[in-house]
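J.: Below is a structure I'd like to ask you about.
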Amino acid sequence: LEVADKDEPANVPMPSRRFNWHGLRHFAVSCWIETGLTPKTVQTFAGHASLQVTMDRYGHLFPNEDHKKAMDQIAKGLFA
Numbered sequence: 002l003e004v005a006d007k008d009e010p011a012n013v014p015m016p017s018r019r020f021n022w023h024g025l026r027h028f029a030v031s032c033w034i035e036t037g038l039t040p041k042t043v044q045t046f047a048g049h050a051s052l053q054v055t056m057d058r059y060g061h062l063f064p065n066e067d068h069k070k071a072m073d074q075i076a077k078g079l080f081a
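Quick note: the sequence shown, position 53, residue 54 per the working numbering, numbers continuous.
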């Protein structure tokens with residue numbers, strides 16, 4: 002392991018696009034949903050004025066029964 006000289010530029014590729022606070026916020030909310038937080042909790046953490054705002058923007062990310070059935074079928078086929 003070598004320590005880079007602070008006066009030399011790091012030889013690390015830069016990402017091709019920039020990230021912004023809005024993108025980071027969207028990523029965080031998506032992660033909260035993925036970990037299983039309820040829509041109401043996500044609304045509170047995100048600071049949305051209403052549950053409708055949360056569901057309009059992120060509703061497609063919350064698992065539903067059809068999604069669960071499909072994933073169970075896939076898992077059954079993979080691990081049978």
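Here a beta-carbon is modelled for each residue, glycine too, at the ideal position from N, C-alpha and C.
Using 10 angstroms around the beta-carbon of Q44, count the other beta-carbons present and answer buried if the total reaches 16, otherwise exposed.
T.: Counting Cβ neighbours within 10 Å, Q44 comes out buried, since at least 16 surround it.
J.: Could you compute how far the alpha carbon of T42 sits from the alpha carbon of N65?
T.: T42 and N65: Cα-Cα distance of roughly 17 Å.
J.: Measuring alpha carbon to alpha carbon, tell me which of K70, H27, H68 and M72 ends up nearest Y59.
T.: Closest by alpha carbon: H27.
J.: For the candidate residues S31, N12, V13 and A76, whose alpha-carbon lies nearest to that of M56?
T.: The shortest C-alpha separation from M56 is found at S31.
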